[in-house]
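Enquirer:
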Amino acid sequence: MTRDEFNTFCKSLPVTTHVVQWGGADVWKVGGKVFAIGGWTKGNTLGITFKVSDIAYEVLKEQPGLRPAPYLASRGMKWIQHYDVPGLDDAALRDHLQASHKIVALGLTKKKQHELDLYQD
1 MTRDEFNTFC KSLPVTTHVV QWGGADVWKV GGKVFAIGGW TKGNTLGITF
51 KVSDIAYEVL KEQPGLRPAP YLASRGMKWI QHYDVPGLDD AALRDHLQAS
101 HKIVALGLTK KKQHELDLYQ D
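The sequence shown begins at 1 in the numbering used here and counts up one residue at a time.
Okay, structure coming up:
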């Protein structure tokens, strides 16, 4: 996934905002909370960091090209970084980015979820 593809996909998710910070990283937020970070590249691989469920964290953290996200995971947070090949294919990466968006959105207060019209049952 290229930086442009990453940004286009994240922009397509509901009520997202984008800022460039932390040394030029593309940081995507929902309700003011980070759900994805796209930054440096290693070869042709864009470094993409995203929040995951406890189960996904256990499955993904040992796969080649993936690792617990530096800084975030060291503080007990369940974030994975796609940093090298083989990593995830683009379809799987989009699935995980969408899941990260939902995990973060569901972590917002019910009031904020309602204001943003997010994941209302």
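Virtual Cβ for every residue (Gly too), placed ideally from N, Cα, C.
For a quick check, are the C-beta atoms of residue 1 and residue 37 less than 8 Å apart?
Expert: Within the sequence shown, residue 1 is the residue found at index 1, counting from 1. Within the sequence shown, residue 37 is the residue found at index 37, counting from 1. No; because the gap between Cβ atoms is not below 8 Å, this pair is not in contact.
Enquirer: One question on the structure: do residue 72 and residue 9 come within less than 8 Å of each other, judged by their Cβ atoms?
Expert: Taking the first residue of the sequence shown as 1, we reach residue 72 at position 72. Taking the first residue of the sequence shown as 1, we reach residue 9 at position 9. No, the pair does not count as a contact, with Cβ atoms beyond the cut-off.
Enquirer: Provide the residue(s) that pair with residue 67 in DSSP beta bridges, ordered along the chain.
Expert: Taking the sequence shown and counting its residues from 1, one reaches residue 67 at position 67. Answer is 81.
Enquirer: Residue 69 to residue 100, Cα distance in whole Å?
Expert: To locate residue 69, count along the sequence shown from 1; it is residue 69. To locate residue 100, count along the sequence shown from 1; it is residue 100. Approximately 14 Å, taken between the alpha carbons.
Enquirer: By how many angstroms is the C-alpha of residue 116 removed from the C-alpha of residue 60?
Expert: Working through the sequence shown from its first residue, we reach residue 60 at position 60. Working through the sequence shown from its first residue, we reach residue 116 at position 116. Cα to Cα, residue 60 sits roughly 30 Å from residue 116.
Enquirer: So is residue 63 buried or exposed if we call it buried at 16+ other beta carbons inside 10 Å?
Expert: For the purposes of this step, residue 63 is taken as the residue at position 63 of the sequence shown. By the neighbour-count rule (16 or more Cβ atoms within 10 Å), residue 63 is not buried but exposed.
Enquirer: Residues in the same chain with beta-carbon distance under 7 Å from residue 128, minus the five sequence neighbours each way, listed in chain order, please.
Expert: Residue 128 is absent from the structure shown; the chain starts at 1 and stops at 121.
Enquirer: Checking the sheet assignment: what are the DSSP bridge partners for residue 50?
Expert: Within the sequence shown, numbered from 1, the residue matching residue 50 stands at position 50. For residue 50, which the question treats as bridged, DSSP gives the partners 36 and 80.
Enquirer: From the DSSP output, in three-state form, read off residue 26 for me.
Expert: Numbered from its first residue, the sequence shown carries residue 26 at position 26. Reduced to three states, the DSSP call for residue 26 is strand.
Enquirer: Use the C-beta contact count for residue 26: other C-beta atoms within 10 angstroms, 16 or more gives buried, fewer gives exposed.
Expert: Along the sequence shown, one-based indexing puts residue 26 at 26. By the neighbour-count rule (16 or more Cβ atoms within 10 Å), residue 26 is buried.
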